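Q:
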Amino acid sequence: MLARWLAPGRQEAWRLLAGLNLVLVIAISGLPFPLAARITPALASAAARLACVQRQGRIVRAAVTSEVYDAPVPFMIYLPPCYDRMDDALPVIYLLHGGASDETQWPDLRVQAAADELITQGTPPFVVVMPGGLYYPNVNYEAFMLGEVLPQVEHRFRVAADGSGRAIGGISLGGYWALRIAFHHPRDF
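If you read the sequence shown in our numbering, its first letter stands for residue 540, the second for the next number, and so on.
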């Protein structure tokens with residue numbers, strides 16, 4: 540399965556994500572990475588994909604209402620090309636930033652270009668959520684992600700609402716939190 544994702548032509552897109560000297564951990568219960576390869580809801584609106592002429596997705600800024608932080612917390616979300624014409628829930632990857640950064644870290648690392656390239660080369664469309672929020676010692680980041688980010692993103696965007704269509708990853712301290720959350724909640728990712 541992995542060999543298919545590392546085939547010639549797809550390597551450049553993966554290098555954009557993996558070759559940035561970062562710690563990226565994708566936790567998917569029972570599914571090999573990448574998650575998007577096995578998602579089917581009608582292969583993520585196959586008809587919409589065939590009719591889609593857009594080559595690039597877009598990154599949208601939004602915020603989550605948070606009781607954990609007692610303030611709105613910004614996040615960025617990558618929506619694939621022709622997202623507005625798709626009806627089905629899409630697979631979603633939650634990417635957590637490093638400790639000294641914020642929700643802009645992944646866009647700065649060209650996550651949009653990597654996602655666009657993967658989709659252009661045949662990976663079914665997927666969404667990437669890049670939440671903000673700092674990892675303060677007194678903040679329950681796990682509760683923030685599971686109790687606030689996931690439900691609000693799932694309510695506002697057409698994304699998978701269970702572990703069969705979700706993945707979580709991170710860079711540096713975000714990688715730690717991704718592992719911790721995935722280990723504590725294996726059915727959710």
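Glycine included, each C-beta is placed from N, C-alpha and C at the ideal position. Owing to the predicted nature of the structure, the values given are computational and were not obtained by experimental measurement.
Expressed to the nearest angstrom, what Euclidean distance is found between the alpha-carbon atoms of A682 and V607?
A: Straight-line Cα distance between these residues: approximately 7 Å.
Q: From the DSSP output, which residues share a beta bridge with S605?
A: A610.
Q: Less than 7 Å between C-beta atoms, sequence neighbours within five positions excluded: which residues of the same chain meet that for N679?
A: V607
Q: By the three-class DSSP mapping on this structure, what secondary structure does P571 have?
A: Residue placement at P571 is poorly supported in this model, since its pLDDT is 45, which falls under 50; the coordinates still yield a value, given next. Residue state, collapsed to three classes: coil.
Q: Write down the C-beta distance between L635 and G709 rounded to the nearest angstrom, noting that I regard them as a contact closer than 8 Å.
A: 4 Å
Q: Using alpha carbons as the reference points, say which of D727, A700 and A706 lies closest to D627.
A: A700
Q: If contacts are defined as beta-carbon pairs under 8 Å, then A706 and I632 qualify, I think. What distance do you get, rounded to the angstrom?
A: 5 Å
Q: If you draw a straight line from the alpha carbon of L712 to that of R649, how long is it in whole angstroms?
A: Rounded to the nearest whole angstrom, the C-alpha separation of L712 and R649 is 19 Å.
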